[in-house]
Each structure stands twice: as structure tokens, then as C-alpha cells.
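Accompanying notes for the structure given below.
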Ligand SMILES: Nc1ncnc2c1ncn2[C@@H]1O[C@H](COP(=O)(O)OP(=O)(O)O)[C@@H](O)[C@H]1O
Ligand SMILES: [Mg+2]
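Residue numbers (my numbering): 1 to 311.
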């Protein structure tokens, strides 16, 4: 990743979103972070949920006094100073507590500064826990890295929100990638599901853009290829739930023209709830539980990709 310095390439940036609240994003971030740190990687977990910060609880860290909210409010400019140690070696944390309820989200320019500062933090992995919804700030956070995770629970509401989330993330990327003012306008129009031009899917939009501006059409395809969300099904109870990841992949390909990876699933496990209640990461408190084993499997996949990239 281009951080300017050849000495430190910067952390692998992994934003974790999903559109819906309560599907297990913070739970997944906390436990992936712990597994990766335990395997010897330097990990920073960042709570990016400025309106519902609770990653500290999933990690078992007392509510820190300083947080990302201080950066948002221009009280602190150095993200390093917001890093707190956790009981787990190699794992540091930036909280999002004590935000300003009136203006929880940073301005666009502050967001850009934040993302630049995050890339300079000293770590191998930076996991970024996103809030719910598809607010432009959330979509910008999802763009901090090419390998964003979308956490989905096997229920229709979560699946619907995941599609909206993936669509919103893609359109936001696309709008930034388009050079021509006219084509940006077409993308903005397409973001309204009921637009009168009848553009319903990213593929409709591609055809529209290709027809009027082949150069931008090519840029569209490049953006499409570089966007590759990664699916995690959490709270799976049946074989059908496990298969859901594959059907979401198919829908993304067929209707959006977007390729995605199904990274894995995590079982429904009562120990998960219990660990949160005890304010301990599941993988530490109940390392032999089903959910802990499946989370470790996903972490291994992520770590193996880094090893592969390094050789
Ligand atoms: N695999 C699972 N099995 C059982 N309960 C889970 C599982 N994953 C998450 N939970 C429960 O769901 C709650 C909400 O998860 P959380 O990570 O806070 O969601 P989000 O960050 O998406 O809003 C957790 O506190 C935990 O009790
Ligand atoms: Mg959360």
C-alpha cells in the first residue's frame, strides 16, 4: 500500500461493515484482532462506530478516556496518542467513546486526514469496526482498504441491508473514480433507486455510461474489478445459513456485476453472548467453543494472504 515510505508499507487495512446493527461486526472485529495478535502480528483495532461505540466491551478494555471523538473534535491531532494497550500482547486499540452527540461524524476533510493518519500507524493489521447504516462517513471508512469485510446475519433484514451496503459502497467508489462531471451526475442519479432513467443496478449504470462515454466506461470496469467485498456470515444455525454466503456471491455477480469472496461463517454460539457479558473476547474466554474455532479459521485465511503477499 502506498504510504510513501518504503521502510514501512503501513498496516493492512480491513474495514468491517454490513449495514445492519447487531449482526456481530464488533464481535467479529474484536475476536479476529485477538487471534491475529496472538499469532504474532501487530494489530490495531479501531472503533469507528462514533454513534454506538462498544468495541472496548467486546475486547474487554475499560472505557478509555480519550478516543477517536477527540480527533473528530480537533482536540487531538495525533492518532498515536489515542492508542491504548489491551491485556493481549501485540494488540492495541483506539476507542470511539465520549463523542459529541450533536456532530458525531467528522467533516469530509477531517475524514480524509483521519484515514491518512490511520495508514501511518505502526501495525501489520488495522481492523476498523464500522457503525450501522450507509451514511457517507461509513462508506468512506469502508474505503480505507480494498478488502472490506461485510458481516451478514442469516435473516432477511440483514441480507437486505447488506445488499444496500454493498451497492452504496460501490457507487461511492465509482463516483470518486469518474472524471467527467456528467458521468458523476449519472452515478449520483443512479444512487436513487427510483430514478426516472430506469437505472436499477450497477450493470444498468455501466451500460448507460459505456453508451455515452467509452473512456469512463473503461474506468467503471476498472473500479468494478478492484472492488471485491468479502462476506462473513455470522450467527449461522443451519446448513442453509452456511450456504447463504454463496447465494449472496451469486446475486452480487448477476445483478451488480461485482465479484465477492465468501471468507467464511461463524456459528451461532451461546458462548458469544456469555463472553460479551463477561467483557472478555470469546476466543480468550472460550477458545474451544464452536464460534471461536470458526473465527480462528477466518483469521488464518487473512494472515495467510499476508504471508503470501510477502514472499
Ligand atoms: N455467533 C454468535 N452467536 C451468538 N451470539 C452472537 C454471535 N455473534 C454476535 N452475537 C451477539 O450479538 C451481539 C451483537 O453483536 P455486535 O458485535 O455488538 O453487533 P454489531 O457490532 O454488528 O452491532 C453481541 O453482543 C453478542 O452477544
Ligand atoms: Mg458494533
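The C-beta atom is built at its ideal place from N, Cα and C for all residues, glycine as well.
> How about residue 150 and residue 18: do their beta carbons lie closer than 7 Å?
Replying inline: Their beta carbons are under 7 Å apart, which means residue 150 touches residue 18 by this criterion.
>> Per the DSSP calculation, residue 66 is bridged to which residue(s)?
In response: Answer by DSSP bridge pairing: none, since residue 66 is not bridged.
> Among 201, 271 and 217, which one has its Cα closest to the Cα of residue 254?
Replying inline: Taking only the C-alpha atoms, the option nearest residue 254 is 201.
> If we call anything under 7 Å between Cβ atoms a contact, is residue 124 one with residue 11?
Replying inline: The Cβ atoms of residue 124 and residue 11 lie closer than 7 Å to each other.
> In terms of residues, what are the limits of the beta strand (DSSP E) holding residue 15?
Replying inline: 12–17 is the span of the beta strand (DSSP E), which, as asked, contains residue 15.
>> Contact between the segment 131–143 and the segment 197–213 is defined here as three or more beta-carbon pairs at a separation below 8 Å; is this criterion met?
In response: Proximity of the segment 131–143 to the segment 197–213 falls short of the contact definition, fewer than three beta-carbon pairs being nearer than 8 Å.
> First and last residue of the beta strand (DSSP E) that includes residue 312?
Replying inline: With the chain covering only 1 through 311, there is no way to say anything about residue 312.
> For residue 92, which residues from the same chain have a beta carbon less than 7 Å from its beta carbon, with the 5 sequence-adjacent residues on both sides left out?
Replying inline: Apart from sequence neighbours up to five positions away, the residues of its chain that approach residue 92 with a beta-carbon distance below 7 Å are 44, 83, 84, 85 and 86, ordered along the chain.
> Residues in its own chain within less than 8 Å of residue 164 by CB, not counting five upstream and five downstream?
Replying inline: So the qualifying residues of the chain are 19 and 134.
> Where do the ends of the beta strand (DSSP E) carrying residue 91 lie?
Replying inline: In the DSSP assignment, residue 91 falls within the beta strand (DSSP E) that extends over 91–94.
>> Which of the three DSSP states is assigned to residue 61 in this structure?
In response: In this structure, residue 61 counts as coil in the three-state DSSP scheme.
> Is the segment 29–39 touching the segment 58–77, taking contact as three or more C-beta pairs under 8 Å?
Replying inline: Touching, yes.
> How should residue 90 be labelled, buried or exposed, when 16 other C-beta atoms within 10 angstroms of its C-beta is the threshold for buried?
Replying inline: Label assigned to residue 90: buried.
>> DSSP three-state label for residue 261, please.
In response: DSSP, read as helix, strand or coil, puts residue 261 in strand.
> Name the DSSP beta bridge partners of residue 152, please?
Replying inline: In the DSSP output, where bridge partners are listed per residue, residue 152 has 233.
>> Tell me the residue span of the beta strand (DSSP E) that contains residue 128.
In response: Counting along the chain, the beta strand (DSSP E) containing residue 128 begins and ends at 125–129.
> What whole-angstrom Cβ distance do residue 118 and residue 126 have, given they're in contact under 8 Å?
Replying inline: Their Cβ separation, rounded to whole angstroms, is 6 Å, which keeps residue 118 and residue 126 in contact under 8 Å.
>> Taking 7 Å as the limit between beta carbons, can you name the residues of its chain near residue 257, skipping five residues before and five after?
In response: Scanning its chain for C-beta atoms nearer than 7 Å, with the 5 sequence neighbours on each side dropped, one finds around residue 257 the residues 202, 203, 206 and 224, in chain order.
> If you draw a straight line from the C-alpha of residue 233 to the C-alpha of residue 264, how long is it?
Replying inline: Straight-line spacing of the CA atoms in residue 233 and residue 264 works out to 7 Å.
> How would you write the range of the beta strand (DSSP E) that residue 33 sits in, first residue to last?
Replying inline: From DSSP, residue 33 is part of no beta strand (DSSP E) but of the alpha helix (DSSP H) over 25–38.
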